[in-house]
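Throughout the sequence shown, residue numbering follows full-length UniProt numbering, covering 1 to 224 in sequence. The C-beta atom is built at its ideal place from N, Cα and C for all residues, glycine as well. These notes are about the structure you will find just below.
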Amino acid sequence: MMNGSAPLSKDVKEFCQIVFGATMLEGYGLTETGAVISCSTDEIPPGDHIGIPLGNVQICLEDVPEMNYTSHDSPCPRGEILMKGDNLFVGYYKQPELTKEALDADGWLHTGDIGCWNLDGTLRIIDRKKNIFKLSQGEDLKASFEELCASDSPAGAELKADITREMERLATEYKLFGFERVKKFHVHSEQFTPENDFATPTFKLKRPLIVKHFSPELEGMYTE
């Protein structure tokens, strides 16, 4: 069995192998790379990784000092995933500036994904270097998620206003009562994952823990 596009937790991989009696493989790739550039194998057990690089590609990690990711990190090097190989695209159609941004002078593709080399040589994705958000007006907003969520940031104010407008539109469309409508909300800069203990290994939310962690924000919404 093969999985791609979105990661599976270790427990789900092991469950599929046991139930279906099949080897569970997981790969990683982009449209720009002609699909898969790394994949797990029969010899590598399921885990928190996307396997090892395929034989026809080169993969390296580039330091991202502004996010505190470097190749000197211990015990596992971390950085932006760069890729080079014969299967790499030549560029975006009639978009030279975008192509120049993705491909550097040495022919390396900058994926925008932050990776980590595990001790066993497998690759793991741990973060994104850039985030792009599309507003309701159709505009692409490029900024870090922390900047978008900052209460004193113009981008953050625009994001919250955009979410509010969309919720109001849906509430009107579905004729919700006043008590059914969300009046206030908090935007958090960190995704809920098993790593920060906000979600289970199968990515089910740990609601009691989340409520306890965000109790100051929740109480603040009722005192404003």
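**Proximity to Gly55 [Cα-Cα], best of Asp86, Val19, Leu98 and Leu82** = Asp86
**Asked** CB Gly121 to CB Arg78, shorter than 9 Å?
**Response** no
**Prompt:** Since Gly29 and Val36 are thought to touch, with beta carbons under 8 Å apart, how far apart are those beta carbons, to the nearest angstrom?
**Reply:** 4 Å
**Extent of the continuous alpha helix (DSSP H) to which Tyr222 belongs** = Ser215 to Thr223
**Asked** To which residues does DSSP link Ala199 through a beta bridge?
**Response** Leu205
**Request:** Report, in whole angstroms, the separation of the C-beta atoms of Met83 and Val57, which I expect to be a contact under 8 Å.
**Result:** 6 Å
**Request:** Label Gly51 either buried or exposed according to how many other C-beta atoms from any shown protein chain fall within 10 Å of its C-beta, with 16 as the threshold for buried.
**Result:** buried
**Request:** Just tell me which of Pro53, His110 and Cys39 has its CA closest to the CA of Gly91.
**Result:** His110
**Beta-bridge pairing of Lys84 - partner residues as DSSP gives them** = Gln58
**Message:** Quick check on this structure: which residue in Arg124, Glu217 and Cys60 has the alpha carbon closest to the alpha carbon of Asp106?
**Reply:** Cys60
**Asked** By Cβ distance, which residues of its chain are closer than 6 Å to His186, with the 5 residues on each side in sequence left out?
**Response** Glu217
**Request:** Just tell me which of Ile44, Thr33, Glu166 and Ser38 has its CA closest to the CA of residue 284.
**Result:** Lying before the first or after the last residue shown, residue 284 is absent from the chain, which here runs from 1 to 224.
**Request:** Report the rounded CA-to-CA distance for Ile81 versus Gly27, giving the unit in angstroms.
**Result:** 14 Å
**DSSP state of Pro96 mapped onto helix, strand, coil** = helix
**Asked** DSSP on Asp65, reduced to helix/strand/coil?
**Response** The residue asked about is misnamed: residue 65 is Pro in this sequence, not Asp. It is helical.
**Request:** Give me the Cβ distance between Ser38 and Pro53, rounded to the nearest whole Å; I'm assuming they're in contact under 8 Å.
**Result:** 5 Å
**Request:** Quickly, what does DSSP pair Trp117 with across the bridge? List them, please.
**Result:** Leu123
**Prompt:** Would you report the Cα separation of Lys204 and Lys94, rounded to the nearest angstrom?
**Reply:** 43 Å
**Message:** With H, G and I counted as helix, E and B as strand and the rest as coil, what does DSSP make of Glu43?
**Reply:** coil
**Prompt:** Do Leu25 and Ser40 come within 9 Å of each other at the CB atom, strictly closer than that value?
**Reply:** yes
**Asked** Name the DSSP beta bridge partners of Gly27, please?
**Response** Cys39
**Request:** Output the boundary residues of the alpha helix (DSSP H) element that contains Phe20.
**Result:** Lys10 to Phe20
**Prompt:** What did DSSP end up calling Leu170 once you bin it into helix, strand or coil?
**Reply:** helix
**Item:** Classification of Phe198 by the beta-carbon crowding that lies within 10 angstroms, buried from 16 upward
**Value:** buried
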